[in-house]
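What follows is a set of notes on a single structure, which appears directly below.
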Amino acid sequence: MCLIEAEGEFGKNFSYTVLGNALYSQVETHAPYGGVFPNLAKREHERNLVPLLSSALSQGKALHAEENDAKNLSDMLNREPEFALELAAFLSEHARPDIDAIAVTVGPGLEPALWVGINFARALASAWDLPLVPVNHMEGHIILSAATENGLAPVEFPTLALLISGGHTELVLMREWLSYEKIGETRDDAVGEAFDKVARMLGLPYPGGARLSALAQAMREKGGDPAFRFPRPMLNQNNFDFSFSGLKTEVRRSISDTELSNEEKGHIAWAFEEAVADVLTQKTLGALEQYGARTLIVGGGVSANTYIRERLARECEESGDVKLLVPPPEYATDNALMIALAGYFRARRGEFAKNESLKADGNLALA
Ligand code: KG4
Ligand code: ZN
Numbered sequence: 000m001c002l003i004e005a006e007g008e009f010g011k012n013f014s015y016t017v018l019g020n021a022l023y024s025q026v027e028t029h030a031p032y033g034g035v036f037p038n039l040a041k042r043e044h045e046r047n048l049v050p051l052l053s054s055a056l057s058q059g060k061a062l063h064a065e066e067n068d069a070k071n072l073s074d075m076l077n078r079e080p081e082f083a084l085e086l087a088a089f090l091s092e093h094a095r096p097d098i099d100a101i102a103v104t105v106g107p108g109l110e111p112a113l114w115v116g117i118n119f120a121r122a123l124a125s126a127w128d129l130p131l132v133p134v135n136h137m138e139g140h141i142i143l144s145a146a147t148e149n150g151l152a153p154v155e156f157p158t159l160a161l162l163i164s165g166g167h168t169e170l171v172l173m174r175e176w177l178s179y180e181k182i183g184e185t186r187d188d189a190v191g192e193a194f195d196k197v198a199r200m201l202g203l204p205y206p207g208g209a210r211l212s213a214l215a216q217a218m219r220e221k222g223g224d225p226a227f228r229f230p231r232p233m234l235n236q237n238n239f240d241f242s243f244s245g246l247k248t249e250v251r252r253s254i255s256d257t258e259l260s261n262e263e264k265g266h267i268a269w270a271f272e273e274a275v276a277d278v279l280t281q282k283t284l285g286a287l288e289q290y291g292a293r294t295l296i297v298g299g300g301v302s303a304n305t306y307i308r309e310r311l312a313r314e315c316e317e318s319g320d321v322k323l324l325v326p327p328p329e330y331a332t333d334n335a336l337m338i339a340l341a342g343y344f345r346a347r348r349g350e351f352a353k354n355e356s357l358k359a360d361g362n363l364a365l366a
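In structure tokens form, the structure reads like this:
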């Protein structure tokens, strides 16, 4: 949950301040299951929304005790009766904060989890009489990657966005802000998903992407070459699509039944990361060239990956000063600031949604 204050437009003195930001990660909840359990995710979201709201408002000095008439939220939250009671209690004890709009993610993602956020936003918007702004999760990643500490980095159009997360691997062309043309995407697994699956094969806890990368980096620093070599899927095809499931299968094949030594695990992680980095950088470079883009925005959880960032930075520099925009690593994975920022720009365009018509769209596309 994130509370921001912002003013200005793209390219015209846009500035923002984070007033409050409260994040709860479910990583530890899901780790024992080796993946995200939709129903568990939903329950955890419900349990955490009111405490997060309270924390974000309080950080932003917008939480004021006040006795209010009890609100009846049971219509809107009829499938979540306990949650309705908790939120009603919060509302009856606190004053309406001085905010202008509520932005909420409507997709893409796991629908049961999206619905929890949407129902919560709808209930708040109705209780506080505020407009609602639906936000596309991937647009949030893009805008956050272009954000500086209190504004936006200048970009030159066309801009290319490389989106790499647990659910997406896409190359998207932007000819102006908030307008997207998808030029390539994965035909099977997303790159973050491949990282997580390979990590699991190596016995690393979920979500293993970052841990796998740490193993790879440790081995790389020892010098020499990886003891394995995995394929670079679709690298030589004349398109901007990706495929990671064959790579994952090759990794599985290379893992014999015998127990792997830590040394071998490190080499597998290293070889896997090299293959992924080669594919991502070369496809991205090709797209930059073909579309004459001189700004590259990289977003999504995998953009936290140190090696992929380094490789992209090197290529951007060598290919004649392409400007590379990546998020601070701690803001690469999902967070609420990205949704607040995207919501601000959508709100400035008057793109509000009717309370009743707001709904989750698990497959929501950018373009
Ligand atoms: O954007 P995100 O937080 O959630 C989705 O929208 O999917 O991305 C999460 C993904 C996970 O697959 C996670 O393993 C991966 O990002 N990830 C990484 C790293 N940090 C997070 N993958 C590789 N290297 C990392 N350092
Ligand atoms: Zn994401």
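Under numbering that gives the first Met the number 0, think of the first position of the sequence shown as 0, with each following residue one higher. The beta-carbon is built from N, C-alpha and C at its ideal position, and this holds for glycine as well. Note that the coordinates shown come from a computational prediction; the quantities given were computed from them, not determined experimentally.
Beta-carbon proximity list for residue i, same chain, < 8 Å, skipping 5 on both sides
i: Asn149; result: Ser14, Tyr15, Thr16
i: Glu288; result: Ser318
i: Ala145; result: Leu151, Ala152, Val154, Ile296, Leu324
i: Glu175; result: Phe156
i: Asn77; result: Ala83
i: Pro107; result: Asn135, His136, Met137, Gly166, His167, Asp360, Gly361, Asn362, Leu363, Ala364
Cβ-based burial, residue i [other Cβ within 10 Å; buried from 16]
i: Thr248; result: exposed
i: Gly166; result: buried
i: Glu65; result: exposed
i: Lys264; result: buried
i: Ala366; result: exposed
i: Asp195; result: buried
i: Pro133; result: buried
i: His93; result: buried
i: Ala30; result: exposed
i: Arg252; result: exposed
i: Tyr32; result: exposed
i: Thr294; result: buried
i: His136; result: buried
i: Arg348; result: exposed
i: Thr168; result: buried
i: Gly191; result: buried
i: Thr332; result: buried
i: Pro206; result: buried
i: Glu273; result: buried
i: Gly342; result: buried
Contact belief for residue i with residue j at Cβ below 8 Å, rounded distance in angstroms
i: Gly298; j: His140; result: 3 Å
i: Leu363; j: Leu143; result: Going by Cβ atoms, the distance from Leu363 to Leu143 rounds to 17 Å, so no, they are not a contact pair.
i: Ser368; j: Ala83; result: This structure leaves residue 368 out entirely; the chain is present only between 0 and 366.
i: Pro157; j: Met173; result: 7 Å
i: Leu170; j: Leu159; result: 6 Å
i: Ala352; j: Leu131; result: 5 Å
i: Ala102; j: Pro37; result: That pair is no contact at about 23 Å.
i: Val301; j: Gly208; result: 7 Å
i: Lys70; j: Ala5; result: Lys70 to Ala5, Cβ: 28 Å. No contact.
i: Leu48; j: Phe119; result: 5 Å
i: Leu357; j: Val105; result: 7 Å
i: Leu2; j: Leu22; result: That belief does not hold up - the Cβ atoms of Leu2 and Leu22 are roughly 13 Å apart, past 8 Å.
i: Ile163; j: Phe239; result: That belief does not hold up - the Cβ atoms of Ile163 and Phe239 are roughly 13 Å apart, past 8 Å.
i: Arg121; j: Asn354; result: 5 Å
i: Leu90; j: Asn67; result: 6 Å
i: Leu284; j: Glu314; result: 5 Å
i: Leu129; j: Ala100; result: 6 Å
Own chain residues within Cβ distance below 6 Å of residue i, not counting five before or after
i: Ala312; result: Leu323
i: Ala43; result: In the sequence on display, residue 43 carries Glu and not Ala. Hits under 6 Å: Gln25, Thr28.
i: Thr308; result: Inspection of the sequence shows that residue 308 is occupied by Arg rather than by Thr. So the list reads Val325, once near-sequence residues are dropped.
i: Glu110; result: Ala359, Gly361
i: Ser242; result: Arg186, Asp187, Pro232, Met233
i: Ala268; result: Leu211, Leu214, Ala215
i: Val278; result: Arg231, Leu234
i: Lys41; result: Pro111, Ala112, Val115
i: Ala61; result: Pro96
Sequence-distant residues of its chain with Cβ nearer than 7 Å to residue i (five each side left out)
i: Ala270; result: Pro225, Phe227, Arg228, Phe229
i: Gln216; result: Thr305, Tyr306
i: Glu45; result: Glu79, Phe82, Val115
i: Gly291; result: Pro157
i: Gln281; result: Leu234
i: Gly59; result: Leu2, Leu18, Gly19
i: Val250; result: Val197, Met200, Phe229, Ile267, Phe271
i: Tyr179; result: Val171, Met173, Leu365, Ala366
Test: residue i CB closer than 8 Å to a CB of chain D
i: Arg310; result: Here there is only one protein chain, and chain D is not present.
Just to confirm the assignment: which complete alpha helix (DSSP H) runs, minimum length 4, are found wholly within the segment 260 to 314? 261 to 290
Would you mind listing the alpha helix (DSSP H) stretches within the segment 112 to 160 that are 4+ residues and don't spill past its ends, in chain order? 136 to 145
Taking the runs of the alpha helix (DSSP H) that are 4 residues or longer, which of them lie wholly in the segment 314 to 364? 336 to 347
For the ligand KG4, enumerate in chain order all residues having a CB closer than 5 Å to any of its heavy atoms. Ser164, Gly165, Gly166, Gly191, Phe194, Asp195, Pro206, Gly208, Ala209, Ser212, Gly299, Gly300, Val301, Ala303, Asn304, Thr332, Asp333
As an exercise, report each continuous alpha helix (DSSP H) stretch of at least 4 residues that is fully enclosed by the segment 27 to 79, in chain order. 37 to 58
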